[in-house]
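Worksheet: one structure, shown below.
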Amino acid sequence: MKAGVWAVCLFPLALLLYQFQQDNLGANPIDHVTRTLGDWTIRILLSSLAMTPLRILFGISWPLALRRLLGLFAFFYVCLHFSVWIVLDHFFDWPQMGADIVKRPYITAGVLALTLLTPLAATSTAGMVKRLGGANWRRLHRLVYVAAVLGVLHYLWLAKKGVNDPFLYAGVLVVLLGVRLLDWARRAAKKRWAGVTASEDLGLTRRRVLVLVSVLSIGLMGWMVWPVGGQAPRSGQPAPDIAGAPWINSPPLSLKDLKGRVVLVEFWTYG
Ligand code: HEM
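Numbered by the working numbering, the letters in the sequence shown go through residues 7 to 277 in order.
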């Protein structure tokens with residue numbers, strides 16, 4: 007099974023290298039490579055988070071053995087994705103990168119996600135589990151949930167209107183986290199009400215847990231979706247800031263930088 011994970015996870019990279027060798031990376035090669043690596047980061051990250059829900063929902067436990075490998079592949083892809091941004095997008099221009107991280111919420115979220123995933127990758131060995139102790143290790147590795155939320159937010163914030171993929175990933179994440187939350191709440195309730203056999207009490211607890219999970223899931227979804235709606239242009243409202251495209255010929259500009267100046271707008275596209 008691990009060989010299958012290696013094959014599936016290395017395939018997109020091999021394809022990119024093949025496309026590069028064939029000079030077939032499209033009209034905007036940097037964009038194509040950045041986006042392909044970003045897509046695979048989120049896919050593999052969410053796959054690693056799907057292993058435990060599979061056990062909870064269907065009692066299948068063998069995929070748990072693939073969690074670590076998938077997590078490391080997600081980290082590998084985000085490192086490549088980040089490297090393309092550093093080397094090809096900004097060509098090691100550190101002040102420009104710093105400004106980008108501060109100015110663009112989607113970059114801030116991406117960098118935070120990468121930062122959170124780094125200690126997880128560094129402590130993924132059996133030796134580190136022993137050194138940290140099982141309980142501490144598990145506590146530290148809960149950061150993967152925060153990293154996944156930030157990864158999905160990163161995609162929601164950068165996506166243009168009409169692109170549905172980020173919502174699909176957000177939905178998958180909500181389901182994956184919801185299943186865990188429901189399972190955790192069920193176990194907590196079981197512990198708390200151990201000995202209480204009255205079916206009325208248990209029924210009430212189950213209903214409360216269901217309401218709690220539904221409210222949290224809807225809240226999480228709303229919180230993820232809100233910034234996209236908030237940034238969408240609306241008549242009568244100030245124009246949204248310029249975002250969503252890589253800067254090619256200048257450092258990033260914002261509307262604030264252009265205020266009070268005469269601006270010539272030239273539209274062009276490629277395909
Ligand atoms: C866990 C962390 C991250 C995940 C899951 C992730 C995921 C993604 C995804 C799914 C996309 C869009 C792909 C598409 O449009 O098909 C994307 C685009 C992008 N990401 Fe990330 N990313 C992460 C971290 C980062 C970091 C650390 C940076 C750089 C500081 C970064 C910079 C970018 C850029 C520049 C784009 C392209 C934006 C555009 O073309 O308009 N990402 N990322």
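We put the beta carbon where it would ideally sit given N, CA and C, even for glycine.
Next item on the list: Could you tell me if residue 282 is buried or exposed, where buried requires 16 or more neighbouring beta carbons within 10 angstroms of its beta carbon?
Entry: Since the first residue shown for the chain is 7 and the last is 277, residue 282 is missing from the structure and cannot be characterised.
Notebook entry, point to check: From residue 139 to residue 162, what distance separates their C-alpha atoms?
Noted result: Going by C-alpha positions, residue 139 is about 36 angstroms away from residue 162.
Margin query: Any heavy atom of the ligand HEM closer than 8 angstroms to the beta-carbon of residue 116?
Written below: Yes, the ligand HEM has a heavy atom inside 8 angstroms of this Cβ.
Check: If you follow the alpha helix (DSSP H) that residue 127 is part of, which residue opens it and which one closes it?
Finding: 111-128 is the extent of the alpha helix (DSSP H) around residue 127.
Margin query: Does the contact criterion of 3 or more C-beta pairs under 8 angstroms hold for the region 135-150 versus the region 95-112?
Written below: At 8 angstroms Cβ cutoff, the stretches do not touch.
Item checked: residue 236 burial status per 10 Å Cβ neighbour count (16 or more: buried) -> Here the model assigns residue 236 a pLDDT of 46, short of 50, so the residue's position is not dependable, and the following value carries that caveat. Residue 236 should be labelled exposed.
Check: Counting pairs of Cβ atoms below 8 angstroms between the region 77-84 and the region 28-48, do you hit three or more?
Finding: In short, these stretches touch, since the Cβ pair count reaches three.
Next item on the list: Please list, in chain order, all residues of the same chain as residue 189 whose beta carbon is under 7 angstroms from its beta carbon, the five residues on each side excluded.
Entry: Here the set comprises 62.
Check: If we count the other Cβ atoms within 10 Å of its Cβ and call it buried at 16 or more, is residue 40 buried or exposed?
Finding: Around the beta carbon of residue 40, 16 or more other beta carbons lie within 10 angstroms, which makes this residue buried.
Checklist line | Of the listed residues 130, 71, 183 and 268, nearest to residue 341 (C-alpha basis) | finding: Outside the shown range of the chain (7 to 277) lies residue 341, about which nothing can therefore be said.
Checklist line | Per-residue DSSP class, three states only, for residue 262 | finding: In this structure, residue 262 counts as helix in the three-state DSSP scheme.
Next item on the list: Determine the DSSP secondary structure at residue 28, reduced to helix, strand or coil.
Entry: When secondary structure is reduced to three states using DSSP, residue 28 falls in the coil class, being assigned neither helix nor strand.
Item checked: Cβ neighbour criterion (16 or more within 10 Å) applied to residue 158 -> By the 10 Å Cβ count, residue 158 comes out buried.
Margin query: For a test of the three-state rule: what should DSSP assign to residue 299, helix, strand or coil?
Written below: Outside the displayed range of the chain (7 to 277) lies residue 299, so it cannot be described from this structure.
Margin query: Considering only heavy atoms of the ligand HEM, does any lie closer than 8 angstroms to the CB of residue 169?
Written below: Residue side-chain check: residue 169 places its Cβ nearer than 8 angstroms to a non-hydrogen atom of the ligand HEM.
Next item on the list: Pick helix, strand or coil for residue 140, following the three-state DSSP scheme.
Entry: DSSP places residue 140 in helix when its eight states are reduced to three.
Notebook entry, point to check: Just reading off the alpha helix (DSSP H) that residue 35 is part of, what are its end residues?
Noted result: Counting along the chain, residue 35 sits inside the alpha helix (DSSP H) bounded by residues 35-64.
Item checked: Local Cβ density within 10 Å of residue 180, reported as buried at 16 or more and exposed below that -> Answer is buried; the Cβ neighbour count reaches 16.
Check: Measuring from the CB of residue 189, is there a heavy atom of the ligand HEM at a distance below 8 angstroms?
Finding: It does not: the Cβ of residue 189 is nowhere closer than 8 angstroms to a heavy atom of the ligand HEM.
Checklist line | Cβ contact check for the region 125-133 and the region 71-80: 3 or more pairs under 8 angstroms | finding: Touching, per the Cβ criterion.
Notebook entry, point to check: From residue 53 to residue 268, what does the alpha carbon distance come to, in whole angstroms?
Noted result: Spanning the two alpha carbons is a distance of roughly 49 angstroms.
Checklist line | Residues near residue 143 by beta carbon distance below 6 angstroms, same chain, minus five either side | finding: Closer than 6 angstroms at Cβ, skipping near neighbours: 135.
Check: Residue range of the alpha helix (DSSP H) that residue 94 falls in?
Finding: Under the DSSP assignment, residue 94 falls outside any alpha helix (DSSP H); it carries neither an H nor an E label.
Item checked: residue 274 classed as buried or exposed, judged by whether at least 16 other C-beta atoms fall within 10 angstroms -> Under the 10 Å beta carbon count, residue 274 is surrounded by fewer than 16 other beta carbons and is classified as exposed.
Check: Does the distance from the CB of residue 98 to the CB of residue 107 come in under 9 angstroms?
Finding: No, the Cβ-Cβ distance between residue 98 and residue 107 is not below 9 angstroms.
Check: Using the beta-carbon count (16 or more within 10 Å), is residue 8 buried or exposed?
Finding: It is exposed - the Cβ of residue 8 has fewer than 16 other Cβ atoms within 10 Å.
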